[in-house]
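Data block below; observations after.
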Amino acid sequence: MKIVRCPVCLRDPGLSRPDVVVRYPQGPLRIFKCSCGLRFSEYALNGIPPGLYGHSYYDHVRYRDQEGSNAYLAHLADFFNRGLAATTPEGRKLLDVGCATGDFVAWALRAGWEAEGIDISSDAVEIGKRRNLPVTQADLLALPDPLVRYDVITLWDVLEHLPDVQSALLVANKVLRPGGLVFLKTVSSFSLLERMARAIYHLSIGVVDGPLKRFLVPGHLYYFGQKNLETLLANCGFDLLRLENSDTPSRALFRSRVMTAAFDLIYFFQRATRTGYELLAVCRSRQ
Ligand SMILES: [Zn+2]
């Protein structure tokens with residue numbers, strides 16, 4: 172395992188002992204915790220196993236628009252509009268990084284944005300192209316310097332997947348127009364449900380890891396808190412304008428009314444204690 176610096180506090184995170192170890196069929200997955208509170212997966216250090224983002228990866232995110240509820244897209248669009256109410260970008264050029272099959276690009280085009288999307292997954296981009304959406308297979312870190320810069324970059328569910336999260340935000344800053352905006356959503360490490368799953372794990376001395384595996388999935392490399400997300404954005408040249416703690420709408424996750432009602436109740440407690448599963452942020456480039 173190579174020695175790295177924490178992308179948030181830039182200190183040596185100390186890798187002698189993992190915080191937790193969950194067992195997947197392909198092997199154990201070790202999660203470490205830095206003194207700044209950032210949790211990260213060993214895949215952030217050693218690289219993502221080959222094939223993780225293959226064809227089957229998008230099976231578990233298919234709920235987003237395939238079930239017909241559009242609840243997830245509406246959730247992102249609501250936050251986007253709340254962020255815009257506080258600040259207006261100069262132009263209408265928008266780049267959705269990690270666009271998957273292009274749902275948000277389609278929404279942004281309908282809302283009058285000159286929107287386009289990039290994703291590293293050729294499978295996802297193919298689906299987007301079949302929908303006649305302006306989506307391209309590309310890596311943010313390998314983007315050529317654009318002739319016209321973007322007014323807005325969206326990073327929905329992206330930061331937690333990027334091994335070099337700091338470089339990605341620096342590139343985002345470079346392809347933005349001065350004063351341009353980044354809208355992002357990422358997972359937090361402090362939801363009430365995750366804390367309960369963590370307590371079960373520790374009380375059982377690591378034997379019962381099933382509940383915690385719902386939160387520590389192989390594709391997620393970083394688990395942020397509000398403070399360390401704000402520090403990371405500031406280090407990469409962004410001023411935070413708005414930070415919300417939220418949850419994925421239950422209707423986007425389940426079809427069963429019993430399950431949606433149960434999760435709505437849990438979300439009520441998570442909202443009341445500001446321990447939601449998601450962090451949503453808008454920030455402005457300082458360049
Ligand atoms: Zn740190």
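Numbering follows our numbering, with no gaps: position 63 of the sequence shown is 234. Glycine included, each C-beta is placed from N, C-alpha and C at the ideal position.
Tell me the residue span of the alpha helix (DSSP H) that contains D274. Position 103 of the sequence shown, counting from 1, holds the residue named residue 274. Unbroken alpha helix (DSSP H) run through D274: 274-281.
Quick one: give me the first and last residue of the beta strand (DSSP E) that Y321 is part of. Locating residue 321 in the sequence shown gives position 150, counting from the first residue. Looking at the DSSP string, the run of the beta strand (DSSP E) that includes Y321 is 321-327.
Closest by CA to N241, which one among I291, R426, V453, S417? For this step, residue 241 is matched to residue 70 along the sequence shown. Taking only the C-alpha atoms, the option nearest N241 is R426.
In angstroms, rounded to a whole number, what distance separates the CA positions of D335 and A215? In the sequence shown, the residue the question calls residue 335 occupies position 164. In the sequence shown, the residue the question calls residue 215 occupies position 44. Approximately 8 Å, taken between the alpha carbons.
Contact set for I298: own chain, Cβ-Cβ below 6 Å, skip 5 residues either direction: Stepping through the sequence shown from its first residue, residue 298 is reached at position 127. Excluding residues within five positions, the ones whose Cβ falls inside 6 Å are T272.
To the nearest angstrom, report how far apart L186 and F211 are at their CA atoms. Your numbering for residue 186 matches position 15 in the sequence shown. Your numbering for residue 211 matches position 40 in the sequence shown. Cα to Cα, the separation comes out at about 11 Å.
Does the Cβ-Cβ distance between G254 and F409 come in under 8 Å? Along the sequence shown, one-based indexing puts residue 254 at 83. Along the sequence shown, one-based indexing puts residue 409 at 238. Going by C-beta atoms, G254 is not nearer than 8 Å to F409.
6 Å CB neighbourhood of L326 in its chain, flanking five on each side removed: Stepping through the sequence shown from its first residue, residue 326 is reached at position 155. Excluding sequence neighbours, L326 sits near V268, L355.
Determine which residues share a DSSP beta bridge with N416 and list them. Here residue 416 refers to the residue found at position 245 of the sequence shown. N416 is bridged to L450.
Identify, in the order they occur along the chain, each residue of the same chain with its Cβ nearer than 8 Å to the Cβ of G377, setting aside the five sequence neighbours on each side. Along the sequence shown, one-based indexing puts residue 377 at 206. Answer for G377: V191, V192, listed in chain order.
D322 vs L265 beta-carbon contact at 8 Å: Within the sequence shown, the letter at position 151 stands for residue 322. Within the sequence shown, the letter at position 94 stands for residue 265. Cβ distance < 8 Å, so D322 and L265 count as in contact.
On the premise that Q458 lies in contact with P349, defined as a C-beta separation below 8 Å, what is that separation, rounded to the nearest angstrom? Mapped onto the sequence shown, residue 349 falls at position 178. Mapped onto the sequence shown, residue 458 falls at position 287. With a Cβ gap of about 5 Å, P349 and Q458 count as contacting.
Take every Cβ of the segment 357-364, pair it with every Cβ of the segment 379-397, and state whether three or more of those distances are shorter than 8 Å. yes
In three-state DSSP terms, what is Q308? Numbered from its first residue, the sequence shown carries residue 308 at position 137. If DSSP states are grouped into helix, strand and coil, Q308 belongs with the strands.
How is S427 classed by DSSP in three states: helix, strand or coil? For the purposes of this step, residue 427 is identified with residue 256 of the sequence shown, where counting begins at 1. In the structure shown, S427 sits in coil (DSSP, three-state: anything other than H, G, I, E or B).
Sheet register partners of L387 (DSSP bridge): Along the sequence shown, one-based indexing puts residue 387 at 216. L387 is not bridged to any residue.
Starting from the Cα of G283, find the closest Cα among A343, L412, N252 and give me that residue. In the sequence shown, residue 283 corresponds to position 112, counting from 1. Residue N252 is the option with its Cα nearest to G283.
What do you reckon, is the C-beta of R369 under 7 Å from a heavy atom of ligand 1? Taking the sequence shown and counting its residues from 1, the one referred to as residue 369 is at position 198. Checking the Cβ of R369 against ligand 1 gives no.
Give a yes or no on whether the C-beta atoms belonging to A343 and L400 are separated by under 8 Å. Taking the first residue of the sequence shown as position 1, residue 343 is located at position 172. Taking the first residue of the sequence shown as position 1, residue 400 is located at position 229. Result no, Cβ atoms of A343 and L400 do not sit closer than 8 Å.
Helix, strand or coil, according to DSSP, for E213 in the structure here? Locating residue 213 in the sequence shown gives position 42, counting from the first residue. Reduced to three states, the DSSP call for E213 is coil.
Can we count L330 as close to ligand 1, meaning its CB is less than 7 Å from some heavy atom? Position 159 of the sequence shown, counted from the start, is the residue given in the question as residue 330. Answer for L330: no, Cβ out of range of ligand 1.
What separation, rounded to the nearest whole angstrom, lies between the Cα atoms of S417 and D328? Along the sequence shown, read from residue 1 onward, the residue named residue 417 stands at position 246. Along the sequence shown, read from residue 1 onward, the residue named residue 328 stands at position 157. Between S417 and D328, the C-alpha separation is close to 13 Å.
Under three-state DSSP, which class holds L352? Taking the sequence shown and counting its residues from 1, the one referred to as residue 352 is at position 181. DSSP places L352 in strand when its eight states are reduced to three.
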